[in-house]
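Peer 1: Handing you this structure, nothing more for now.
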């Protein structure tokens, strides 16, 4: 079965969502970038570690 390119893109995007992060200013971006370089971490590793930590906490401490 042949798919159109729009159908192939849709199927890919549903399985591989893109996550965008917006910074308030360039200073925030620069600080995070420098920290990633200094620690040798990737944004994916940091986000995954944060998500795992957030899920492990009791729900009451997450809500504000």
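Residue numbers (our numbering): 134 to 197. Even glycine gets a Cβ: it sits at the ideal position worked out from N, Cα and C.
#1: Look at the alpha carbon of residue 165 and the alpha carbon of residue 135, and state the distance between them as a whole number of angstroms.
#2: Which class does residue 151 belong to by DSSP, given the choice of helix, strand or coil?
#3: Leaving out the 5 sequence neighbours to the left and right, which residues in its chain are closer than 8 Å to residue 156 when beta-carbon positions are compared?
#4: Taking residue 177 as part of the alpha helix (DSSP H), name the residues at either end of that continuous run.
#5: Mapping DSSP to helix, strand and coil, what is residue 145?
Peer 2: If we stick to the structure as given:
#1: Computed Cα separation, rounded: 43 Å.
#2: Shown here, residue 151 sits in coil according to DSSP, grouped into three states, outside any helix or strand.
#3: Hits under 8 Å: 162, 165.
#4: Where residue 177 is concerned, the enclosing alpha helix (DSSP H) stretches over 176–189.
#5: In the structure shown, residue 145 adopts helical secondary structure according to DSSP, grouped into three states.
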